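*Asks:* Sequential numbering of the sequence shown, starting at 2, is according to our numbering.
Structure in structure tokens, see below.
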Amino acid sequence: MEQQTLFEKQGMDRPLASRMRPHTLEEFVGQEHLLGPGKILRQMIDQDRISSMIFWGPPGVGKTTLARIIAGRTHANFIDFSAVTSGIKEIREVMQRAEENRRFGERTILFVDEIHRFNKAQQDAFLPFVERGSIVLIGATTENPSFEVNSALLSRCKVFVLQALTTQNLEVLLRHALEDTRGFGGESISISEELLSAIAHFANGDARTALNTLEMAVLNGERTSEGVTVEADILRQCLSRKSLLYDKNGEEHYNLISALHKSMRNSDPDAAIYWLARMLEGGEDPLYIARRLIRFASEDVGMADSRAIEVATAVYQACHFIGMPECSVHLTHAVTYLSLAPKSNSLYMAYESAKRDALERLDEPVPLQIRNAPTHLMKDLHYGQGYQYAHDTEEKLTSMQCLPDSLEGRTYYIPTTQGSEARVQERLRQIKQWREQKRREEEAGGDGTK
Numbered sequence: 002m003e004q005q006t007l008f009e010k011q012g013m014d015r016p017l018a019s020r021m022r023p024h025t026l027e028e029f030v031g032q033e034h035l036l037g038p039g040k041i042l043r044q045m046i047d048q049d050r051i052s053s054m055i056f057w058g059p060p061g062v063g064k065t066t067l068a069r070i071i072a073g074r075t076h077a078n079f080i081d082f083s084a085v086t087s088g089i090k091e092i093r094e095v096m097q098r099a100e101e102n103r104r105f106g107e108r109t110i111l112f113v114d115e116i117h118r119f120n121k122a123q124q125d126a127f128l129p130f131v132e133r134g135s136i137v138l139i140g141a142t143t144e145n146p147s148f149e150v151n152s153a154l155l156s157r158c159k160v161f162v163l164q165a166l167t168t169q170n171l172e173v174l175l176r177h178a179l180e181d182t183r184g185f186g187g188e189s190i191s192i193s194e195e196l197l198s199a200i201a202h203f204a205n206g207d208a209r210t211a212l213n214t215l216e217m218a219v220l221n222g223e224r225t226s227e228g229v230t231v232e233a234d235i236l237r238q239c240l241s242r243k244s245l246l247y248d249k250n251g252e253e254h255y256n257l258i259s260a261l262h263k264s265m266r267n268s269d270p271d272a273a274i275y276w277l278a279r280m281l282e283g284g285e286d287p288l289y290i291a292r293r294l295i296r297f298a299s300e301d302v303g304m305a306d307s308r309a310i311e312v313a314t315a316v317y318q319a320c321h322f323i324g325m326p327e328c329s330v331h332l333t334h335a336v337t338y339l340s341l342a343p344k345s346n347s348l349y350m351a352y353e354s355a356k357r358d359a360l361e362r363l364d365e366p367v368p369l370q371i372r373n374a375p376t377h378l379m380k381d382l383h384y385g386q387g388y389q390y391a392h393d394t395e396e397k398l399t400s401m402q403c404l405p406d407s408l409e410g411r412t413y414y415i416p417t418t419q420g421s422e423a424r425v426q427e428r429l430r431q432i433k434q435w436r437e438q439k440r441r442e443e444e445a446g447g448d449g450t451k
């Protein structure tokens, strides 16, 4: 009898990620904030009180798997539906099946992967069936449902946010794949903890990527009569990144983002672009970098060039839409712009100063003249009394005090003379000068005379 190969023994016609898909909540790894004891989604599943919902989260975190587990636990018919390959015609056919199931007293869970890809008309087609209870809709999306799912449909669904898996979660999954017979449990696989950790870091929260990488490494490892050995060189070849051991949570990660930030602050675009490339080619998440650039735009450029925040935000959106490797040029655009922009940390310093006062005076009352007064009782208590509406004045300014009495005259925002902030400085000087003059006039009787 011919000896079976590793492919034949393990049924390698199916990818490892598919074979290792959990079938129960006990096997499911991650999302403890939703599935832990006493959490709302766990209670809904345990009590079989499933309603329509949207799973929002990055790829490979278990959205489809969780929907399948729910269908199994609730003994409902499960229909897997892809927004990529389906249209109105397919929706109607599926809805007809769901209606037939309902007539026989059977529930139907319709899982719609990438629901954000449906247009408004396609999403609207689900509404009457969700309202009648013909289907329990579970949508999965990597996009913000507030922007990508119709408000009418969204209002009928509970949104659950699934988080990227932690490195520890992924290491658990990888070890399980090596031990379970659905994975490589029937084989002797030798791979170090360091390399498993490297795969987990590389996967960046995506279980599918982690398992696919492990599978490729094992199938290309050194095979002997004693089993398979996976060395670092083999794993390196299985990855499309030069820096296998780049640790997104380790010291080097923070060293590189610090180098990028400080190079931009020092107005050195060449150094900033180099550190950007180091991070991207090492496998850093481009959206992480883009978020840091948005922070930099206000913290280190601020009012000296208010377009900086627009550029940084636009680049974040571009990275979100396009991804790597194409979005590298967009990040270079932002990094160069921010490096060459005039610098001011006045906004950062203003908030830090105000924060100190706020923490020391958390019980400081809001002055009566700027309190909201929506009821007669509040008006009787003088809420809003003395309020001056700036638009009623020619200058669009009033002398009204808005800080608490204990902080009257306190200055937080101190503009610099850098870039366009010089004009802001002059504008603020004029406002303060006008207000001081107006208050002197009011104290003198309102007309400047005693």
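Note that beta-carbon positions come from the ideal geometry of N, C-alpha and C, so glycine has one too.
Please read these numbers as outputs of a predicted model, since none were measured by experiment.
Drop a sphere of 10 angstroms on the beta-carbon of Q1, count the other beta-carbons inside from all chains shown, and report buried for 16 or more, exposed for fewer.
*Replies:* There is no way to answer for residue 1, as the model of the chain reaches only from 2 to 451.
*Asks:* Are Q370 and M401 touching if we call contact CB-CB under 8 Å?
*Replies:* Their beta carbons are under 8 Å apart, which means Q370 touches M401 by this criterion.
*Asks:* For D269 and chain B, any beta-carbon pair shorter than 8 Å?
*Replies:* Absent from the structure is chain B; it holds one protein chain and no more.
*Asks:* Compare the beta carbon distance of V150 and G140 with 8 Å and say whether it is the shorter of the two.
*Replies:* Yes, the Cβ-Cβ distance between V150 and G140 is below 8 Å.
*Asks:* Taking 8 Å as the cut-off, decide whether the C-beta atoms of T75 and D49 are in contact.
*Replies:* Contact flag set, yes.
*Asks:* Below 8 Å CB to CB, which residues in the same chain sit around P287 once its five sequence neighbours on both sides are set aside?
*Replies:* For P287, where only same-chain residues beyond five positions count, the Cβ hits under 8 Å are L281, C320, G324, M325, C328, S329, L332.
*Asks:* Alpha carbon to alpha carbon, how far is I71 from F185? Give it in angstroms, no decimals.
*Replies:* Rounded to the nearest angstrom, the two C-alpha atoms are 27 Å apart.
*Asks:* Compare the Cα-Cα distances from L17 to each of T210, Q318, I258 and report the closest residue.
*Replies:* Per the Cα distances, T210.
*Asks:* Who pairs with F161 in a beta bridge, going by DSSP?
*Replies:* Answer by DSSP bridge pairing, in chain order: F56.
*Asks:* Could you give the distance in angstroms between the alpha-carbon of G264 and the alpha-carbon of T167?
*Replies:* Correcting the residue identity first, residue 264 is Ser in this sequence and not Gly. Their Cα atoms are separated by approximately 30 Å.
*Asks:* Express the C-alpha separation of A199 and M231 in angstroms, rounding to a whole number.
*Replies:* Checking the sequence shown, residue 231 turns out to be Val, not Met. The alpha-carbon atoms of V231 and A199 are separated by roughly 13 Å.
*Asks:* Which residue marks the beginning of the beta strand (DSSP E) containing V229, and which one marks its end?
*Replies:* Start and end: 228-230.
*Asks:* When the distance is taken between beta carbons, is V367 closer than 8 Å to Y338?
*Replies:* In this structure, V367 does not lie closer than 8 Å to Y338 by Cβ.
*Asks:* May I have the straight-line CA-CA distance separating F148 from R118, to the nearest angstrom?
*Replies:* The alpha-carbon atoms of F148 and R118 are separated by roughly 12 Å.
*Asks:* Exposed or buried, S135, counting other C-beta atoms within 10 Å across all chains shown (16 or more means buried)?
*Replies:* Buried: at least 16 other Cβ atoms inside 10 Å.
*Asks:* Taking only runs of the alpha helix (DSSP H) that begin and end inside the region 83-110, which ones reach a length of at least 4 residues, in chain order?
*Replies:* Fully enclosed alpha helix (DSSP H) runs of 4 or longer: 89-104.
*Asks:* Could you pull out every residue in the same chain whose Cβ sits closer than 8 Å to the Cβ of R411, ignoring the five residues on either side in sequence?
*Replies:* Contacts found: D358, L404.
*Asks:* Please state whether DSSP places R43 in a helix, a strand or coil.
*Replies:* Helix, per DSSP.
*Asks:* If you follow the alpha helix (DSSP H) that G73 is part of, which residue opens it and which one closes it?
*Replies:* Unbroken alpha helix (DSSP H) run through G73: 64-75.
*Asks:* Suppose the cutoff is 7 Å on Cβ atoms and the five residues either side in sequence are ignored; what does the same chain contact list for R436 look like?
*Replies:* L398, S400.
*Asks:* Among residues of its own chain, excluding the 5 on either side of L26, which ones have a beta-carbon nearer than 8 Å to its beta-carbon?
*Replies:* Once the five neighbours on either side are set aside, the close Cβ partners of L26 are L36, R43, I46, I70, R74.
*Asks:* Candidates F105, A351, G187, E91: which alpha carbon is nearest N78's?
*Replies:* Closest by alpha carbon: F105.
*Asks:* Just to confirm the assignment, what range does the beta strand (DSSP E) spanning L155 have?
*Replies:* Here L155 belongs to no beta strand (DSSP E); instead the alpha helix (DSSP H) covers 152-155.
*Asks:* Which residue marks the beginning of the alpha helix (DSSP H) containing R428, and which one marks its end?
*Replies:* Looking at the DSSP string, the run of the alpha helix (DSSP H) that includes R428 is 422-444.
*Asks:* Using only alpha-carbon positions, find the residue among M21, R20, Q238 that is nearest to G1.
*Replies:* Outside the shown range of the chain, which is 2 to 451, sits residue 1, and nothing can be said about it.
*Asks:* By DSSP, does L17 sit in helix, in strand, or in coil?
*Replies:* Helix.
*Asks:* Quick check on V336: does DSSP put it in helix, strand or coil?
*Replies:* Helix.
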